[in-house]
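Numbering (our numbering), first residue to last: 435 to 777.
Here a beta-carbon is modelled for each residue, glycine too, at the ideal position from N, C-alpha and C.
None of these values were measured; they are calculated from a predicted model.
Note sheet for the following structure.
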């Protein structure tokens, strides 16, 4: 189905969904409330709104994610499932085959919406590919919660960390480590990815605070470990005196580590990633990767479910729930244990 036809189908079918979005709380309320503020730190939710409302009837959520071939998105989905089980909420998790299958993801989201879930959780592949689904869900008063990537206009709420700040923290790490300066490079995520754009921007802006650091290359890695490995190998041949590489996610950072190891310069080139996935933390602990700017995907999945329950409980949650981030190094990695995930 083409994007144009899908948009038309969703608009036409929205009317049949209108009864699906009624709140289980006493009285009905909008799943798209006018909040008192534009954003809130996730740690402040209980203080401002109280505890997460417990459902008074059986609820069914749907979560459509980018892909499940990436450990980060596996952990987000695991967090969604774990938190849903805590509140006896049934959840159906669906994913596209990879992070570039936008039409497939749109079709999955359309199918999930047609089944009239009580809440629709989404991790879109772009900031527009699931816009028609969000529009139809809003017409039906079904809350839509974006988790982590591709913040999309019109959704009830976005759960995710400050992606520009993530790139800035990577730049700060290099700036503090190499006070005398040096050459650094960046391996970028997929073109068009909102998270990649934000991290690239944050890294470049952050480097301006450290004029002795020189960004000599910024090449696409497309969220792919092998692509990142090859791109880094090319950069190292051109700049053998490189002192650091920032990769926009941990999967690519692990590819960078392999490239640096092959050039026998692992002790000279600091590799910084983003996400805080299990394999990356293991690499940091082994002093292969120098650091990862973590954003705690399992906890983001949990927050997504909590925000959905809060909206269904008539709490006017802001449009952006800002989740935590932290720079993990070999000095503090033990303070960030992996989540316990049920098989």
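Check: Taking C-alpha atoms, which residue in 501, 554 and 596 lies nearest to residue 531?
Finding: Within the chain shown, numbered from 1, the residue matching residue 531 stands at position 97. With distances taken between Cα atoms, residue 531 lies closest to 501.
Original post:
Helix, strand or coil: which one does DSSP assign to residue 642?
Top reply: Position 208 of the chain shown, counting from 1, holds the residue named residue 642. In the three-state DSSP reduction, residue 642 falls in the coil class, being neither helix nor strand.
Fill in: Cross-strand partners of residue 498 (DSSP beta bridge)
For the purposes of this step, residue 498 is taken as the residue at position 64 of the chain shown. Answer is 528 and 556, bridged to residue 498.
**Message:** Quick check: residue 717 and residue 756, are their CB atoms within less than 9 Å of each other?
**Reply:** By one-based count along the chain shown, residue 717 stands at place 283. By one-based count along the chain shown, residue 756 stands at place 322. Residue 756 sits away from residue 717, with the two beta carbons spaced by 9 Å or more.
Q: Please classify residue 721: does DSSP put it in a helix, a strand, or coil?
A: Here residue 721 refers to the residue found at position 287 of the chain shown. If DSSP states are grouped into helix, strand and coil, residue 721 belongs with coil.
**Prompt:** Taking C-beta to C-beta, are residue 581 and residue 636 nearer than 9 Å?
**Reply:** Here residue 581 refers to the residue found at position 147 of the chain shown. Here residue 636 refers to the residue found at position 202 of the chain shown. No; because the gap between Cβ atoms is not below 9 Å, this pair is not in contact.
| task | Could you tell me if residue 670 is buried or exposed, where buried requires 16 or more neighbouring beta carbons within 10 angstroms of its beta carbon? | result | Position 236 of the chain shown, counting from 1, holds the residue named residue 670. Answer is buried; the Cβ neighbour count reaches 16.
- prompt: Could you give the C-beta distance for residue 553 and residue 568, rounded to a whole number, given that I count them as a contact under 8 Å?
  reply: For the purposes of this step, residue 553 is taken as residue 119 along the chain shown, with counting starting at 1. For the purposes of this step, residue 568 is taken as residue 134 along the chain shown, with counting starting at 1. Not a contact, Cβ separation roughly 12 Å.
#### Entry: Sequence ranges, alpha helix (DSSP H) only - wholly within the segment 578-644, length at least 4
Qualifying alpha helix (DSSP H) stretches, in chain order: 597-611 and 628-641.
*Run of the beta strand (DSSP E) containing residue 707, from where it starts to where it stops*: Reading the chain shown from its first residue, position 273 is the one you call residue 707. Segment 704-709, the beta strand (DSSP E) holding residue 707.
For residue 743, the three-state DSSP class (helix, strand or coil): Here residue 743 refers to the residue found at position 309 of the chain shown. Looking at residue 743 - three-state DSSP - the assignment turns out to be helix.
So if DSSP puts residue 466 in a beta bridge, which residue, or which two residues, is it bridged to?
Mapped onto the chain shown, residue 466 falls at position 32. In the DSSP assignment, residue 466 forms no beta bridge with any residue.
### Message
DSSP three-state label for residue 699, please.
### Response
The residue you call residue 699 lines up with position 265 of the chain shown. In this structure, residue 699 counts as coil in the three-state DSSP scheme.
Excluding the 5 residues flanking residue 760 on each side, which residues of the same chain have their C-beta closer than 6 Å to its C-beta? Your numbering for residue 760 matches position 326 in the chain shown. Apart from sequence neighbours up to five positions away, the residues of its chain that approach residue 760 with a beta-carbon distance below 6 Å are 728, ordered along the chain.
*What first and last residue would you give for the alpha helix (DSSP H) that runs through residue 507?*
As a working mapping, residue 507 is identified with position 73 in the chain shown. Annotation: the continuous alpha helix (DSSP H) that includes residue 507 extends over 505-520.
Practice problem: Pull up the distance between the alpha-carbon of residue 764 and that of residue 678, whole angstroms please. | Solution: Here residue 764 corresponds to residue number 330 of the chain shown, with the count starting at 1. Here residue 678 corresponds to residue number 244 of the chain shown, with the count starting at 1. When only Cα atoms are considered, residue 764 and residue 678 end up about 16 Å apart.
(request) Would you kindly check if the distance between the Cβ of residue 590 and the Cβ of residue 579 is under 9 Å? (result) On the chain shown, residue 579 is found 145 positions in, with the first residue counted as 1. On the chain shown, residue 590 is found 156 positions in, with the first residue counted as 1. In this structure, residue 579 sits near residue 590, with a CB-CB distance shorter than 9 Å.
| field | Cβ shell of residue 680 (< 6 Å), same chain only, five flanking positions each side left out | value | To locate residue 680, count along the chain shown from 1; it is residue 246. Same-chain partners within the cutoff: 604, 620, 637 and 706.
query: Can you tell me where the alpha helix (DSSP H) with residue 763 in it begins and where it stops?
result: In the chain shown, the residue the question calls residue 763 occupies position 329. Segment 760-763 is the beta strand (DSSP E) holding residue 763; no alpha helix (DSSP H) there.
Legend entry - Reference residue 713, options 566, 544, 522 and 684, closest by Cα: Counted from its first residue, the chain shown places residue 713 at position 279. Scanning 566, 544, 522 and 684 for the CA closest to the CA of residue 713 turns up 684.
Can you list, in chain order, the residues of its chain with a C-beta nearer than 8 Å to that of residue 732? Leave out the 5 residues immediately preceding and following it.
Translated into positions along the chain shown, residue 732 becomes position 298. Take residue 732, set aside five residues on each side of it, and the residues of its chain with a beta-carbon closer than 8 Å to its own are 509, 510, 512, 513, 516, 773 and 775, in chain order.
task: Tell me whether the beta-carbon of residue 668 lies closer than 9 Å to the beta-carbon of residue 653.
output: For this step, residue 668 is matched to residue 234 along the chain shown. For this step, residue 653 is matched to residue 219 along the chain shown. Yes, these two residues count as a Cβ contact at 9 Å.
- Task: Would you kindly report the start and end of the unbroken beta strand (DSSP E) that includes residue 679?
- Result: On the chain shown, position 245 is the one that residue 679 refers to. Segment 676-681, the beta strand (DSSP E) holding residue 679.
Span of the alpha helix (DSSP H) around residue 647: Within the chain shown, numbered from 1, the residue matching residue 647 stands at position 213. From DSSP, residue 647 is part of no alpha helix (DSSP H) but of the beta strand (DSSP E) over 647-654.
Counted within 10 angstroms of its Cβ, other Cβ atoms place residue 704 as buried (16 or more) or exposed: Here residue 704 refers to the residue found at position 270 when the chain shown is read from its first residue. Classified as buried, residue 704 has 16 or more neighbouring CB atoms from the shown chains inside 10 Å of its CB.
#### Entry: Straight-line gap, residue 456 to residue 598 (C-alpha atoms, nearest Å)
Sequence index remark: in the chain shown, residue 456 carries index 22 (1-based). Sequence index remark: in the chain shown, residue 598 carries index 164 (1-based). In this prediction, residue 456 scores a pLDDT of 41, lower than 50, which makes its location untrustworthy; no coordinate-derived value is stated.
Subject >> Whole-angstrom C-beta distance between residue 489 and residue 523, which should lie under 8 Å >> reply: The sequence position of residue 523 within the chain shown is 89, counting from 1. The sequence position of residue 489 within the chain shown is 55, counting from 1. With a Cβ gap of about 7 Å, residue 523 and residue 489 count as contacting.
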